[in-house]
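**Student:**
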Amino acid sequence: MQGKRTNLLKVALLKLFKHGFSSIIILIALFGVLISVNYVFAVKTSFIDITKNKIHSITDESKNLLDEIDYKINIRAFYLSKNQHLISMLLKLYRKENSNISFEVIDPLKYPDIAKKYDIELPRTIIVEGPAKITRLDPPPRGEHNSELEISTALYRIITDQEKKVYFTEGHGERGILDNSPDGLIILQKRLKEQNYLIDTINLQSIQNIPPDCSVLIITDPKSPFTDDEAKIIGKYMQFGGSILLLVSPGLKPNLDNVMDMHGLKFGDDFVYETASDRTTQRGPTSPICTPMDQSEITSNLTNQNIVFPGVRSINPVTQAGEMVYTRLLSSSENSWAETDIESAMEISRGKRPSRDENETKGPIIVAVATEIETMIPDTTSARGASKQIVRSGFFGSGGFITNTLVSQFPANINVFLNTINWVTRNEKVLRITPHAALFTPVELTRSERRMISWLSLFIFPITILMVGLIIWFRKR
Numbered sequence: 000m001q002g003k004r005t006n007l008l009k010v011a012l013l014k015l016f017k018h019g020f021s022s023i024i025i026l027i028a029l030f031g032v033l034i035s036v037n038y039v040f041a042v043k044t045s046f047i048d049i050t051k052n053k054i055h056s057i058t059d060e061s062k063n064l065l066d067e068i069d070y071k072i073n074i075r076a077f078y079l080s081k082n083q084h085l086i087s088m089l090l091k092l093y094r095k096e097n098s099n100i101s102f103e104v105i106d107p108l109k110y111p112d113i114a115k116k117y118d119i120e121l122p123r124t125i126i127v128e129g130p131a132k133i134t135r136l137d138p139p140p141r142g143e144h145n146s147e148l149e150i151s152t153a154l155y156r157i158i159t160d161q162e163k164k165v166y167f168t169e170g171h172g173e174r175g176i177l178d179n180s181p182d183g184l185i186i187l188q189k190r191l192k193e194q195n196y197l198i199d200t201i202n203l204q205s206i207q208n209i210p211p212d213c214s215v216l217i218i219t220d221p222k223s224p225f226t227d228d229e230a231k232i233i234g235k236y237m238q239f240g241g242s243i244l245l246l247v248s249p250g251l252k253p254n255l256d257n258v259m260d261m262h263g264l265k266f267g268d269d270f271v272y273e274t275a276s277d278r279t280t281q282r283g284p285t286s287p288i289c290t291p292m293d294q295s296e297i298t299s300n301l302t303n304q305n306i307v308f309p310g311v312r313s314i315n316p317v318t319q320a321g322e323m324v325y326t327r328l329l330s331s332s333e334n335s336w337a338e339t340d341i342e343s344a345m346e347i348s349r350g351k352r353p354s355r356d357e358n359e360t361k362g363p364i365i366v367a368v369a370t371e372i373e374t375m376i377p378d379t380t381s382a383r384g385a386s387k388q389i390v391r392s393g394f395f396g397s398g399g400f401i402t403n404t405l406v407s408q409f410p411a412n413i414n415v416f417l418n419t420i421n422w423v424t425r426n427e428k429v430l431r432i433t434p435h436a437a438l439f440t441p442v443e444l445t446r447s448e449r450r451m452i453s454w455l456s457l458f459i460f461p462i463t464i465l466m467v468g469l470i471i472w473f474r475k476r
């Protein structure tokens, strides 16, 4: 009996050893395969970007910029070790496109001597160094990170010596470029600096002429009108080849009819009311999603992106002023109209809805226009004493779409404005650098759909669960 038990135990142990050993071999083989596959994909294979908007790839515009670089450029990113992954992945994309680009990601705490050499005071600072020029990217705000736009713009600074200056008017209640409130423009100011622009403000009441280094004069939502003398200063500036970006929201009267007449345009005394459900947001029908109208270099890279105007007026071409060409940049849908009762905007916020009168223009409504005017500019080198020049300008029926709040919610807003500035100043290389943005895809529910969801979540689903529970309880009894 004892012998049988011993034999049975030996057989059981032998089977257990054989099967257990086989399982161990299989597990080791499985781990080996997983490690090999992980190594191949992590080290030997480039990652595949499957996002719809390719937000983890650099744009064709950046690739074209890299094609122009035929000398060595080194990028030193000073990041703490725990934060180096994302910046390393981004810089690898640049090195992959052009072998002249090299980079180092340096922990300033581990290598203080190198950090001291480049005057690094804070982590997340980037130094881009070319043969004869060095540029610096300061740390981005908390919660943000250095993106393709910053890196490509820094590279552009290295390969170009041209810096252009933009002036923002002040003294009439315009939106402030140093204002970090929801209605301010400090984010826009930061982005302009990143694109190599010099920025300053100007008060026309204290000058007789706009400075000659002004590449473009920007006017954003003046709450009080310009004086006649100020309007003449702006008109004179434009007659001598000056460019302007004029942004005027509904209800504002800047007293710049002379500027508009020079371009054959007129701001409508109205606001756009949008009824198409797919062209509005939670902000309501007075904040339409506007889309490109005419084909333009300004909007060509902004397809399928939401450009939202928080209250916008129409811009109407009136006459063809001389040798002038205008491009209709953005418009509302054909289901919108230009509501002329400005006061009714307040009623809309209280839940009331206007109806379109017969004399009100039906959509699509033009809300942004770019112009090109052929102008004779004084030129001492010309036999005629003047030479022809194509002057570019831009006009928007709203100044609120570039505020800190709106550009944070809708990245395409600031992109279309920056594209316009780059087009006006002929900064084409930067114009085409617009990083892929994640699509904003809100779920807009009708009143009946919201009511149905409320009934399902508050009553139908709980009652159904309760009934099923009671049925099971009765059956078990």
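Residue 391 in numbering that gives the first Met the number 0 is what sits at position 392 of the sequence shown, and the numbering runs on without skipping anything.
Backbone N, C-alpha and C define an ideal beta-carbon position, used for all residues, glycine too.
Please read all numbers here as calculations on a predicted model, not as lab measurements.
Which residue comes first and which comes last in the beta strand (DSSP E) that contains Thr168?
**Tutor:** Unbroken beta strand (DSSP E) run through Thr168: 163–168.
**Student:** Closer than 7 Å by C-beta to Arg190: which residues in its own chain qualify, once you throw out the five before and the five after it? Chain order, please.
**Tutor:** So the list reads Ile413, Leu417, once near-sequence residues are dropped.
**Student:** Do you know offhand how far Gly172's Cα is from Trp454's?
**Tutor:** Answer to the nearest angstrom: the Cα atoms are 48 Å apart.
**Student:** Please classify Met88 as buried or exposed, where buried requires at least 16 other C-beta atoms within 10 Å of its C-beta.
**Tutor:** The residue is exposed, with fewer than 16 neighbouring Cβ atoms inside 10 Å.
**Student:** Going by DSSP in three states, Tyr110 sits in which element: helix, strand or coil?
**Tutor:** Tyr110: coil per DSSP, three-state reduction.
**Student:** Say whether the region 143–156 touches the region 193–212, bearing in mind that this needs 3 or more beta-carbon pairs closer than 8 Å, one atom from each stretch.
**Tutor:** Yes, since at least three Cβ pairs between the region 143–156 and the region 193–212 fall closer than 8 Å, the two stretches touch.
**Student:** Express the C-alpha separation of Thr285 and Val366 in angstroms, rounding to a whole number.
**Tutor:** The alpha-carbon atoms of Val366 and Thr285 are separated by roughly 13 Å.
**Student:** Quick one: residues in its chain with C-beta nearer than 6 Å to the C-beta of Pro138, no 5 flanking neighbours on either side, listed in chain order?
**Tutor:** Cβ neighbours of Pro138 beyond the five flanking positions: Leu121, Arg123, Thr124.
**Student:** Considering only C-alpha positions, which residue in the set Pro224, Ile206, Ser276, Leu244 is nearest to Ile232?
**Tutor:** Nearest of Pro224, Ile206, Ser276, Leu244 to Ile232, Cα basis: Ile206.
**Student:** For the region 73–87 against the region 162–182, are there 3 or more C-beta pairs whose distance is under 8 Å?
**Tutor:** No, the region 73–87 does not touch the region 162–182.
**Student:** Near Val258, which residues of its chain fall below 8 Å by C-beta distance, leaving aside the five closest residues on each side in sequence?
**Tutor:** Counting only Cβ-Cβ distances below 8 Å, and skipping sequence neighbours, we find Ala230, Ile233, Gly234, Met237, Ile243, Leu245.
**Student:** Can you name the start and end residues of the alpha helix (DSSP H) that Asn73 belongs to?
**Tutor:** Here Asn73 belongs to no alpha helix (DSSP H); instead the beta strand (DSSP E) covers 72–77.
**Student:** Between the Cα of Ile372 and the Cα atoms of Ser392, Gly362, Pro363, Pro353, which residue gives the shortest distance?
**Tutor:** The residue with the shortest Cα to Cα distance from Ile372 is Ser392.
**Student:** Taking the Cβ atom as the reference point for each residue, do Ser343 and Arg278 lie within a distance shorter than 7 Å?
**Tutor:** Going by C-beta atoms, Ser343 is not nearer than 7 Å to Arg278.
**Student:** Which partner residues does Gly283 have in the DSSP bridge list?
**Tutor:** Note: Gly283 sits in a beta bridge opposite Thr280.
**Student:** Terminal residues of the continuous alpha helix (DSSP H) containing Tyr117?
**Tutor:** Run containing Tyr117: none; DSSP gives neither H nor E here.
**Student:** Can you tell me which of the three DSSP states Phe394 falls into?
**Tutor:** Strand.
**Student:** Which of helix, strand or coil does DSSP assign to Ser386?
**Tutor:** Reduced to three states, the DSSP call for Ser386 is strand.
**Student:** Within 10 angstroms of the Cβ of Asn403, are there 16 or more other Cβ atoms? Answer buried if so, exposed if not.
**Tutor:** That one is buried.
**Student:** Looking at the unbroken alpha helix (DSSP H) that takes in Ile86, where does it start and where does it end?
**Tutor:** Start and end: 84–96.
**Student:** Given Leu92, which residues of its chain have a CB within under 6 Å of its CB, disregarding the five upstream and five downstream residues?
**Tutor:** These residues qualify, in order along the chain: Ile57.
**Student:** Note down, in chain order, each residue of its chain lying with its Cβ closer than 7 Å to the Cβ of Ile119, except the 5 sequence neighbours on either side.
**Tutor:** Only Phe77, Pro107 meet the Cβ criterion.
**Student:** In whole angstroms, give me the CA-to-CA distance for Ala114 and Ile105.
**Tutor:** Approximately 8 Å, taken between the alpha carbons.
**Student:** Using 7 Å as the threshold, is the C-beta distance between Asn315 and Gly362 below it?
**Tutor:** In this structure, Gly362 does not lie closer than 7 Å to Asn315 by Cβ.
**Student:** At what residue ranges does the region 210–270 contain a whole run of the beta strand (DSSP E), taking only runs of 3 or more?
**Tutor:** Complete beta strand (DSSP E) runs here, min 3: 213–219, 243–246, 264–266.
**Student:** Can you say whether Ile462 is buried or exposed, counting buried as having 16 or more other CB atoms within 10 angstroms of its CB?
**Tutor:** That one is exposed.
**Student:** So, for Glu149: in the same chain, excluding its five sequence neighbours on each side, which residues have a beta-carbon less than 8 Å away from its beta-carbon?
**Tutor:** Result list for Glu149: Ile125, Leu136, Pro139, Glu193, in chain order.
**Student:** Using a Cβ-Cβ cut-off of 6 Å (strictly less than) and excluding sequence neighbours within five positions of Thr219, which residues of its own chain qualify?
**Tutor:** Same-chain partners within the cutoff: Glu173, Arg174, Leu246, Gly398.
**Student:** Quick one: what does DSSP say Pro353 is sitting in, helix, strand or coil?
**Tutor:** Pro353 falls in the coil class under three-state DSSP.
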